[in-house]
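Contents: one structure, followed by commentary.
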Amino acid sequence: MSEVEKGDVTGVILVGGKSRRMGRDKAFLEVAGKPLFQRVLELFQESFSRVVLAGGAPERFAGYDLPVLPDLYPGSPLGGIYTALSLADTEAVFVSSCDLPFPNAAVLRYLCSLSDGYAAVVPETPQGYEPLFALYKKGCLEPIRLQLERGDFCAYAWYPEVKVRLVPPGELAPLDPDGTAFCNINTPEQFAQLAAGTGGRCPAG
38 MSEVEKGDVT GVILVGGKSR RMGRDKAFLE VAGKPLFQRV LELFQESFSR
88 VVLAGGAPER FAGYDLPVLP DLYPGSPLGG IYTALSLADT EAVFVSSCDL
138 PFPNAAVLRY LCSLSDGYAA VVPETPQGYE PLFALYKKGC LEPIRLQLER
188 GDFCAYAWYP EVKVRLVPPG ELAPLDPDGT AFCNINTPEQ FAQLAAGTGG
238 RCPAG
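According to my numbering, the sequence shown holds residues 38 to 242 in order.
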């Protein structure tokens, strides 16, 4: 993994979402016969020596034999990031939401390779930051904690407090030619489009 070796990063899958817009548990929606969660998990197990789940009810994932960390600050992805980073044995964690249909190994490896000298490595998309497929180091803990203590759960408001390597879309495009690495499915309509077959494209929001 270049600057970050496989054993130096803990893979963290955020599983605390309520799937309100979807109306059912997004983690276990199947695409091409495989649950979304399983797609992320397999990539992480190939990429990292340690994989943990953050924020979810342990019984939902009882069959996977993985640690499930209850959020220290419940109710947001930022709380899940803080929890995992606080409890990780490694200096860095790589975080992903649990519902990516097309998690991209090349993008993951590239982001990890950029970590030297930075507290965080975060992709950018045409829509803005992508904080839930990103790498964070222990130096992020204090600014995240202070923000959570203020009751601010924005996943990226604390970025100005640390040295962040932002990775623009053009830099990632050769690794993600279809533009699907950060595809996110939030509604039954989007999932229906995906299940019906979209040619490997992310359904329109």
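Glycine residues also receive a C-beta, built at the ideal position from the N, C-alpha and C atoms.
Chain-order list of residues whose beta-carbon lies under 8 Å from that of residue i (same chain, five-residue window excluded)
i	result
S181	It should be noted that the sequence gives Ile, not Ser, for residue 181. These residues qualify, in order along the chain: L115, I118, Y119, L122, W195.
T127	G44, D45, V46, T47, R87
P82	The question names Pro, but residue 82 is Gln in the sequence shown. Here the set comprises G48, V88.
Option in the options with minimal Cα separation from residue i
i	options	result
G207	G44, G48, R76, T162	T162
G70	P138, G216, T217	P138
P111	F190, R202, V204	F190
S134	K174, V158, R76, T127	R76
R97	D62, R202, S152, L212	D62
E186	F219, S113, P211, G165	S113
K174	L151, Q82, P211, G100	L151
D153	A142, L73, Y166, L172	L172
A142	Y101, L212, C220	L212
G100	F74, L80, T217, F81	F74
Q164	L80, F219, D108, P95	F219
Cβ neighbours of residue i in the same chain (closer than 7 Å, five flanking residues each side left out)
i	result
G93	V52, G53, V105
L103	V88, V89, L90
G60	Residue confidence is low: G60 scores 49 on pLDDT, short of 50, so the model does not pin down where it sits. Its coordinate-derived value is still stated next. Around G60: P225.
L124	L106
C177	L122, A156, A157, V199
G44	S86
P168	V159, A192, Y193
P72	A64, F65, L66
Q184	A194, W195
Residue range of the alpha helix (DSSP H) that includes residue i
i	result
E79	73-84
R182	178-186
A94	A94 -> no alpha helix (DSSP H), and no H or E assigned at all.
A142	142-150
E198	Unbroken run through E198: none, as it is neither H nor E.
Limits of the unbroken beta strand (DSSP E) element including residue i
i	result
P111	Looking at the DSSP string, P111 is not in any beta strand (DSSP E), and its letter there is neither H nor E.
Same chain, Cβ closer than 6 Å to residue i, five either side skipped, listed in chain order
i	result
A232	none
K200	Y155, A156
N221	none
Cβ-Cβ separation, residue j to residue i (assumed contact under 8 Å), whole Å
i	j	result
V89	V49	6 Å
P160	L209	6 Å
Beta-carbon proximity of residue i to residue j, cut-off 9 Å
i	j	result
F170	V144	yes
L78	D136	no
V68	L148	no
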